[in-house]
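Letter by letter, the sequence shown follows residues 48 to 477 of the working numbering.
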Amino acid sequence: MADQFTSTARNPRSRQLWERACRVIVGGGQAHKRPVKYMLRGGPAFAARAQGAYFWDADGNKYIDYLLGYGPIVLGHADPQVNEAVIRQLNAGTIYSVEHEASVEVAEALCRTIPCAQMVLYFIGGSSATQGAIRCARAHTGREKIIRCGYHGWYDWCWPQMPGVPHHERELIIAVPYNDLPALRAAMEQNAGQVAGVIIEAVQGDGPAGDYFPGVRRLCDEHGSVFVLDEIKTGFRFALGGAQVPFAIDADLATFGKAMCNGFPAAVVVGKRQFMEKRTDTYLAATFHADALSLAAAQVVMRQMEQRDGPAHFERLGRRLIDGLNGVFLDKRLPLKMGGFPAMPAPMETSPDDPVNPVPPEFKGKTITEFMAGLQNRGVYATGHPWFLSLAHTDADIDRTIAIAADAADEALETLKDVASGRREALPYS
Numbered sequence: 048m049a050d051q052f053t054s055t056a057r058n059p060r061s062r063q064l065w066e067r068a069c070r071v072i073v074g075g076g077q078a079h080k081r082p083v084k085y086m087l088r089g090g091p092a093f094a095a096r097a098q099g100a101y102f103w104d105a106d107g108n109k110y111i112d113y114l115l116g117y118g119p120i121v122l123g124h125a126d127p128q129v130n131e132a133v134i135r136q137l138n139a140g141t142i143y144s145v146e147h148e149a150s151v152e153v154a155e156a157l158c159r160t161i162p163c164a165q166m167v168l169y170f171i172g173g174s175s176a177t178q179g180a181i182r183c184a185r186a187h188t189g190r191e192k193i194i195r196c197g198y199h200g201w202y203d204w205c206w207p208q209m210p211g212v213p214h215h216e217r218e219l220i221i222a223v224p225y226n227d228l229p230a231l232r233a234a235m236e237q238n239a240g241q242v243a244g245v246i247i248e249a250v251q252g253d254g255p256a257g258d259y260f261p262g263v264r265r266l267c268d269e270h271g272s273v274f275v276l277d278e279i280k281t282g283f284r285f286a287l288g289g290a291q292v293p294f295a296i297d298a299d300l301a302t303f304g305k306a307m308c309n310g311f312p313a314a315v316v317v318g319k320r321q322f323m324e325k326r327t328d329t330y331l332a333a334t335f336h337a338d339a340l341s342l343a344a345a346q347v348v349m350r351q352m353e354q355r356d357g358p359a360h361f362e363r364l365g366r367r368l369i370d371g372l373n374g375v376f377l378d379k380r381l382p383l384k385m386g387g388f389p390a391m392p393a394p395m396e397t398s399p400d401d402p403v404n405p406v407p408p409e410f411k412g413k414t415i416t417e418f419m420a421g422l423q424n425r426g427v428y429a430t431g432h433p434w435f436l437s438l439a440h441t442d443a444d445i446d447r448t449i450a451i452a453a454d455a456a457d458e459a460l461e462t463l464k465d466v467a468s469g470r471r472e473a474l475p476y477s
């Protein structure tokens, strides 16, 4: 296998660990972290440690990290103030049989910061938070159907067509495209009086059209449905109060997680009082909700993000990153572009009919993977997933990334041509 794809010189330890993992861990690891296609080109599969904007893999290679654990790291890996607060709390206990003062303080801070937040419910992880929001919507309306738009986690209602999910879930979940008000209107009219809630991932692609979220609000009001905004990714990054601040989104409920605790696993549902109080009519509880360690981290995150104006930092560095990479792509004629927003840049392949830099048919579906493999082999960790920044990233990191991207683009183009001609083995690109 190694001869077909790349030298193993850069990642022998990662490959050894991967072979061991495949014997005892289903799929070799978490689905979104399975490294096969990048590992085959020399990329990392296992991390050993992380600090600030960087991590080191099991082979000792250092990377500028633009995935940051898929979004949770917002201050930087192993932030000293977070570590100090968590260690202090660790010495005072982790889980109590009654509530802790920090749960009140964090909830009060969230209600001051997030426009729709009048009350808070604690959860562990984004999937459980979106599940909690959906249950609140159903309890409030007495209805069962949910209209969804975006990625909301792994629970049954998020993936009703998947093997292992009861068939009746398919009758209760309706998926609609983002930014498509006619599709949402049609779904609500076809299921009139049955839709408990509409849940939408706040920012997808290049973001909402100007009339999109006002239109969602009107349709929810007309049909008596609860409007849930999924801010698991966007919360604290687009603004301290989430994407609902810059886009003036009027949601009934919203979910926040990922960046809230700089790598600790808490998440929340926040919302207007009349919707949140329905929690007492149903059951939402778990052993580790509002654990003291996550709350200690959350207090530091919210304080630092406000004092250091985290969203402005992401806006400035993210804009430099997007503009710099797009300049590289045009200069090298690599058919990619960085879209999205500075707070969450999103790499994408250009279309075959792009007027400036179209993707050739033989490169289609392969360009992002080969470019990211080139970055990884030069010490920049990113994939086709949206990128994230932390307060630990600096202008020097952006400069280095753009310089490395030029060499990675050259390598990607050469590899793509070799794959198209059959001189080199294709990766499992999907």
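Beta carbons: idealized from backbone N, C-alpha and C, even for Gly.
Here the structure is a predicted model, which means the values were calculated and not measured.
For secondary structure counted as the alpha helix (DSSP H) over 4 or more consecutive residues, the segment 59 to 143 holds these complete runs in sequence order: 59 to 71, 83 to 86, 127 to 137. Distance between Gln-178 and Gly-282, taken at the CA atoms: about 17 Å.
An exposed status is given to Ile-134, since fewer than 16 other beta-carbon atoms sit within 10 Å of its beta-carbon. In this structure Arg-88 is in contact with Leu-474, their Cβ atoms being roughly 7 Å apart against a cut-off of 8 Å.
Boundaries of the beta strand (DSSP E) harbouring Arg-195: 192 to 196, taken from the DSSP string. In this structure, the CA atom of Glu-458 is about 10 Å from the CA atom of Leu-381. Non-local beta-carbon contacts of Gly-140 in its own chain, meaning distances under 7 Å to residues more than five positions away in sequence, involve Ala-339 in chain order.
Taken in chain order, the unbroken stretches of beta strand (DSSP E) that lie wholly in the segment 329 to 388 and span 3 residues or more are 383 to 388.
Shortest Cα-Cα distance from Ala-333 to any of Lys-84, Ala-314, Ala-92 involves Ala-314. When beta bridges are read from the DSSP output, Ile-449 appears opposite no residue. Sorting Met-419, Glu-278, Ser-468 by C-alpha distance to the C-alpha of Tyr-85 places Met-419 at the top.
Asp-444 places its beta carbon less than 7 Å from that of Ile-111. In chain order, Tyr-169, Ala-337, Leu-342 place their CB closer than 8 Å to the CB of Ser-150, counting only its own chain and leaving out the 5 sequence neighbours on each side.
The C-alpha of Arg-366 lies about 35 Å from the C-alpha of Ile-221. For the segment 165 to 216, the full-length alpha helix (DSSP H) segments reaching 4 residues or more read 173 to 188 along the chain. Under the three-state reduction of DSSP, Ala-149 is assigned to helix. Where Glu-248 is concerned, the enclosing beta strand (DSSP E) starts and stops at 242 to 248.
In terms of CA proximity to Pro-162, Val-292 leads the group Ala-455, Val-292, Lys-384. Annotation note: the segment 258 to 337 contains the following uninterrupted beta strand (DSSP E) runs of length 3 or greater, listed N- to C-terminal: 273 to 277, 300 to 303, 313 to 318. DSSP, reduced to helix, strand and coil, places Val-406 outside both helices and strands of the structure shown, so it counts as coil. Comparing alpha carbon positions, the residue from Ser-272, Ala-286, Leu-383, Asn-238 closest to Asp-356 is Ala-286.
Under the three-state reduction of DSSP, Val-427 is assigned to strand. Out of Met-166, Cys-69, Ile-72, Gln-136, the CA that lies nearest to the CA of Ala-345 is found in Gln-136. Asp-104 is the residue among Gln-98, Glu-324, Gln-77, Asp-104 whose C-alpha sits nearest the C-alpha of Gln-63.
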